[in-house]
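Q: Those letters in the sequence shown? Residues 27 to 804, per the working numbering, in order.
Just so it is clear, CB atoms sit at the ideal spot from N, CA and C, and this is done for glycine as well.
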Amino acid sequence: MSKSISQRIAEELAVNESQISAAIGLLDDGATVPFISRYRKEVTGGLDDTQMRHIDERLRYLRELDERRAAILKSIAEQDKLNPALEQALLEADTKNRLEDLYLPYKPKRRTKAQIAREAGLEPLAEALLADPQQSPEALAESYLNPDQGIADIKAALDGARQILMERFAEDADLLARLRSFLLENALLASRLVPGKEAEGAKFRDYFEHTEPLATTPSHRALAMFRGRNEGFLQLDLLLDPEEKPGDAHPCEAMIADHWSIRDAGRAADRWLADSVRWTWRVKLLSHLQTDLLTQLRERAEQEAIGVFARNLKDLLLAAPAGAHVTIGLDPGLRTGVKLAVVDATGKVVDHGALFPHPPQKRTREASAELLRLIQKHGVELIAIGNGTASRETDKFVGDLLQEHPELNCRKVMVNESGASIYSASEFAAREFPDLDVTIRGAVSIARRLQDPLAELVKIDPKSIGVGQYQHDVSQVQLARQLDAVVEDCVNAVGVDVNTASVPLLARVSGLNQNLANNIVALRDQAGSFASRRDLLQVPRFGEKTFEQAAGFLRINNGSNPLDASAVHPESYPLVERIAERQQRSLSSLIGDSAFLRSVRPSDYVTEQVGLPTVLDILRELDKPGRDPRPEFRMASFQDGVEKIADLKPDMVLEGTVTNVTNFGAFVDIGVHQDGLVHISVLADRFIKDPHEVVKAGDVVKVKVMEVDLERKRIALSMRLNDKAQDAARQPGGRRQEPRGAGPKSAARGNATRKAASKGAEPSTALAAAFARARSDR
27 MSKSISQRIA
37 EELAVNESQI
47 SAAIGLLDDG
57 ATVPFISRYR
67 KEVTGGLDDT
77 QMRHIDERLR
87 YLRELDERRA
97 AILKSIAEQD
107 KLNPALEQAL
117 LEADTKNRLE
127 DLYLPYKPKR
137 RTKAQIAREA
147 GLEPLAEALL
157 ADPQQSPEAL
167 AESYLNPDQG
177 IADIKAALDG
187 ARQILMERFA
197 EDADLLARLR
207 SFLLENALLA
217 SRLVPGKEAE
227 GAKFRDYFEH
237 TEPLATTPSH
247 RALAMFRGRN
257 EGFLQLDLLL
267 DPEEKPGDAH
277 PCEAMIADHW
287 SIRDAGRAAD
297 RWLADSVRWT
307 WRVKLLSHLQ
317 TDLLTQLRER
327 AEQEAIGVFA
337 RNLKDLLLAA
347 PAGAHVTIGL
357 DPGLRTGVKL
367 AVVDATGKVV
377 DHGALFPHPP
387 QKRTREASAE
397 LLRLIQKHGV
407 ELIAIGNGTA
417 SRETDKFVGD
427 LLQEHPELNC
437 RKVMVNESGA
447 SIYSASEFAA
457 REFPDLDVTI
467 RGAVSIARRL
477 QDPLAELVKI
487 DPKSIGVGQY
497 QHDVSQVQLA
507 RQLDAVVEDC
517 VNAVGVDVNT
527 ASVPLLARVS
537 GLNQNLANNI
547 VALRDQAGSF
557 ASRRDLLQVP
567 RFGEKTFEQA
577 AGFLRINNGS
587 NPLDASAVHP
597 ESYPLVERIA
607 ERQQRSLSSL
617 IGDSAFLRSV
627 RPSDYVTEQV
637 GLPTVLDILR
647 ELDKPGRDPR
657 PEFRMASFQD
667 GVEKIADLKP
677 DMVLEGTVTN
687 VTNFGAFVDI
697 GVHQDGLVHI
707 SVLADRFIKD
717 PHEVVKAGDV
727 VKVKVMEVDL
737 ERKRIALSMR
747 LNDKAQDAAR
757 QPGGRRQEPR
767 GAGPKSAARG
777 NATRKAASKG
787 AEPSTALAAA
797 FARARSDR
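(1) Is the Cβ-Cβ distance between PRO717 and THR688 less than 8 Å?
(2) Based on the DSSP output, what are the partners of SER217 in its beta bridges?
(3) Among the candidates ILE62, LEU299, ALA295, whose CA atom is the shortest distance from the CA of HIS285?
(4) Taking the alpha-carbon positions, what's the GLY379 to VAL369 distance?
(5) So the candidates are GLU37, GLY697, ALA692, ALA196; which of them puts its Cα closest to the Cα of ALA710?
(6) Roughly how many whole angstroms lie between the Cα atoms of LEU505 and ILE332?
(7) Report the rounded CA-to-CA distance for GLN609 versus LEU91, giving the unit in angstroms.
(8) Starting from the Cα of LEU339, find the closest Cα among SER32, GLY492, PHE568 and give me that residue.
(9) Roughly how many whole angstroms lie between the Cα atoms of HIS830 and ARG86?
(10) Where VAL698 and PHE423 are concerned, what is the direct C-alpha to C-alpha distance, given to the nearest angstrom?
(11) Would you decide whether ALA371 is buried or exposed? Buried here means 16 or more other CB atoms lie within 10 Å of its CB.
(12) For ASP74, collect the residues of the same chain with a Cβ closer than 8 Å to its Cβ; drop the 5 residues on either side in sequence, then sort them by chain order.
(13) Beta-carbon within less than 7 Å of THR306's beta-carbon, same chain only, minus the 5 sequence neighbours each way: which residues are those?
(14) Applying the 10 Å Cβ sphere with the 16-neighbour rule, what's the burial state of ILE714?
(15) Looking at the structure shown, is ASN212 part of a helix, part of a strand, or coil, going by DSSP?
(16) Using DSSP bridges, identify the partner residues of ASN525.
(17) To which residues of the same chain is SER744 closer than 6 Å at the C-beta, ignoring the five residues directly before and after it?
(18) With C-beta atoms as the reference, is LEU151 less than 8 Å away from ALA183?
(19) So, SER490 versus GLY445, is the Cβ gap smaller than 8 Å?
(20) Any idea what DSSP makes of GLU37, helix, strand or coil?
(21) Return the CA-CA distance between VAL352 and ALA662, expressed in angstroms with no decimal places.
(22) Nearest CA to the CA of GLU211: which residue from GLU113, GLN497, LEU323, GLN540?
(23) Note down the Cα distance separating LEU88 from GLY51, rounded to an integer number of angstroms.
(24) What did DSSP end up calling HIS705 once you bin it into helix, strand or coil?
(25) Enumerate in chain order the residues of its own chain whose CB-to-CB distance from LEU125 is below 8 Å, with the five nearest sequence positions on each side excluded.
(26) Answer yes or no: do LEU264 and GLN316 have a C-beta to C-beta separation smaller than 8 Å?
(27) With 16 as the cutoff for other CB atoms within 10 Å, does ASN584 come out buried or exposed?
(28) For THR640, count neighbouring C-beta atoms within 10 Å of its own C-beta (all shown protein chains included) and say buried if the count is 16 or more, exposed if not.
(29) Where do the ends of the alpha helix (DSSP H) carrying ASN442 lie?
(30) Just grab the DSSP bridge partners of ALA692 for me.
(31) Where in the stretch 418-501 do unbroken runs of the beta strand (DSSP E), each at least 3 residues long, occur, reported from the N-terminal end onward?
(32) Taking 8 Å as the cut-off, decide whether the C-beta atoms of VAL734 and VAL727 are in contact.
(33) May I ask you to list the residues that DSSP assigns as paired with ASP357?
(34) Are ALA455 and ARG467 closer than 8 Å when you measure CB to CB?
(35) Give every residue of the same chain whose Cβ lies closer than 7 Å to the Cβ of SER32, excluding the five residues on either side of it in the sequence, and list them in chain order.
(36) Measure the CB-CB distance between ALA327 and GLN161 and report whether it falls below 8 Å.
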């Protein structure tokens with residue numbers, strides 16, 4: 027009997043099926059993942075947001091699988107070919123590949139050579155030769171000649187019979203699964219240069235003559251090779267032996283023969299059947315399975331790349347906020363000048379302009395005087411400098427000014443400006459600042475990004491933030507869905523001040539959307555700040571269901587109820603009031619009183635409606651109401667005199683900010699307009715499988731310069747500060763760790779044929795020769 031969706035997901039997560047069923051029920055009722063994981067722990071048995079995201083994704087996949095299963099069952103039934111065994115196999119298929127393999131023989135298709143042969147009456151000939159190889163193919167074929175059907179001679183009859191067997195062999199679901207599994211485990215992915223494309227495809231030269239095991243090809247290399255193929259510079263193939271030639275017998279032929287009990291025993295039809303097997307592999311299955319496996323590799327690589335992007339985005343969104351400080355945002359430039367915007371502690375623009383301290387204008391003195399005036403006029407505490415063109419020159423200009431005026435209580439910070447230009451030209455920015463130039467809007471975004479990265483970055487399409495790995499090569503639908511989920515989780519983890527939040531930020535709150543966010547801001551602008559969470563019910567289209575989903579994540583500071591500024595959900599207010607009444611205290615006196623809250627026995631307040639997890643969460647929240655999960659703010663200090671790649675010297679130790687983390691290492695901004703790479707092998711003094719074990723986007727780290735390639739603008743860094751630059755040639759330093767050349771080839775050579783032989787196949791003479799050659803190579 028096939029397993030239900032809840033059973034399958036429960037096994038994957040190693041939890042009780044009842045938990046999954048409860049979670050699915052909540053999702054189907056319209057509850058969001060943040061709401062379920064935060065406020066319905068009793069219902070789901072404490073499933074966290076990561077588990078809930080997995081459930082959400084798998085639920086979508088498995089329901090699509092069930093829809094496709096139903097369509098296939100209906101199609102086969104309409105053909106009157108559905109038998110109990112086939113139906114059971116279809117019901118038990120747990121992947122889309124398996125489902126399509128089972129459907130293959132019954133899938134409506136264009137008229138094939140095999141169908142033509144059946145119409146000519148050749149199926150009994152094919153059946154007879156497969157069932158009894160003792161019979162002579164030529165002698166048996168004489169009785170099937172039919173000139174009216176195009177079967178004029180023995181050759182035509184045997185060719186037709188072969189087409190029937192080839193189609194049958196190629197559409198056997200169990201055989202396809204066996205071959206696919208075998209190739210996935212043993213095949214090598216070979217990348218070769220398309221002849222004549224050396225100069226055009228130079229950026230892919232690492233893959234002009236590259237071979238590695240398919241099963242262990244990392245996502246970043248797979249996507250690089252697929253990009254090379256898509257751009258017409260590389261061709262990709264699957265091999266079992268790097269030195270195999272087009273005419274060589276393939277081990278998969280032996281597996282096909284074994285599956286259909288075909289062997290070379292010197293009988294009359296054995297050679298004809300062996301040839302049928304060979305043609306099945308070369309004509310029907312080779313390209314099909316290669317395409318299938320490369321598609322699987324691409325999908326796996328895409329999922330890993332999307333996962334990397336999602337982790338980096340989460341780290342960036344949850345980066346430490348500098349906080350509510352008057353800030354100047356500088357968008358550096360040379361010819362067009364440095365665009366400037368001053369924002370107050372709430373992010374409101376209070377001044378703006380442009381400075382021209384750099385060539386060609388080089389009005390340094392005038393720019394210094396203007397910047398000093400603005401700092402003094404507005405009481406500026408922070409200066410955010412975008413890290414684009416002319417950023418180091420601007421950083422030095424600001425640094426010189428602050429050094430000349432130590433009395434200023436002001437610090438400069440380099441800010442990652444990725445996506446700022448996207449925001450500047452967006453419809454939302456145009457509505458927010460209709461009278462400001464696009465370039466000034468960019469400076470505003472840079473300033474606000476320092477104050478609160480999350481609140482500013484939600485205004486930008488996540489794909490434009492620039493922390494992805496081959497983000498344009500992956501499924502844009504899946505990428506958008508996963509990144510949207512990350513943004514939603516981050517926004518709701520931090521919480522949103524409903525009286526100051528922008529529309530894009532409010533739209534990411536659990537239960538809300540763009541229209542509701544617009545309605546909230548419109549009512550706020552019209553009637554003033556909300557005094558309590560219940561006031562939100564006055565917002566048009568903001569009903570009780572929406573209130574349930576959103577209220578706990580919306581904060582109202584200095585409102586009529588002190589709990590409105592916390593993550594305590596309004597549905598739990600009666601419980602807090604009961605705690606206060608029992609202790610004869612006011613609600614406000616409970617908040618922040620750690621000693622008292624530690625003395626409360628959670629079990630005393632458990633009811634049928636409120637379980638222990640919720641009580642514990644409430645007590646933790648009362649201890650530190652509205653606590654921000656983000657870390658404390660700190661910034662990297664770039665070394666003076668190091669402003670471009672040419673300034674870098676081996677063995678320099680520098681401080682920098684991690685801008686992106688990939689599967690193969692981390693990129694670090696050290697202030698030279700080009701991020702350096704810390705390869706995974708030199709991220710730590712110990713072995714690590716995943717760079718995220720050590721660093722995340724936004725981290726401030728110390729690195730040592732190991733190697734600089736000025737021509738290719740590549741910088742190899744190490745976080746192992748005891749490493750020496752002269753040893754860089756023996757370190758990966760951004761190159762692949764895996765050996766090139768004979769390493770993976772020799773490891774795989776003969777492996778595939780050896781495993782095929784162990785399956786018990788007795789191949790034909792040609793196949794036996796292939797096995798013998800493989801053994802001799804070993």
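A: According to the structure shown:
(1) yes
(2) HIS236, LEU262
(3) LEU299
(4) 12 Å
(5) ALA692
(6) 6 Å
(7) 55 Å
(8) GLY492
(9) Residue 830 is absent from the model: the chain starts at 27 and stops at 804.
(10) 15 Å
(11) exposed
(12) SER63
(13) MET192, PHE195, ALA196, ILE282
(14) exposed
(15) helix
(16) According to DSSP, ASN525 bridges with nothing at all.
(17) VAL708, LYS730, MET732
(18) yes
(19) yes
(20) helix
(21) 20 Å
(22) LEU323
(23) 15 Å
(24) strand
(25) LEU91, ARG94, ARG95, ILE98, LEU116, ALA119
(26) yes
(27) exposed
(28) buried
(29) Careful: ASN442 lies outside any alpha helix (DSSP H) and carries neither H nor E.
(30) VAL687, VAL704
(31) 437-441
(32) no
(33) LYS365
(34) yes
(35) GLU43, ILE46, SER47, ILE50
(36) no
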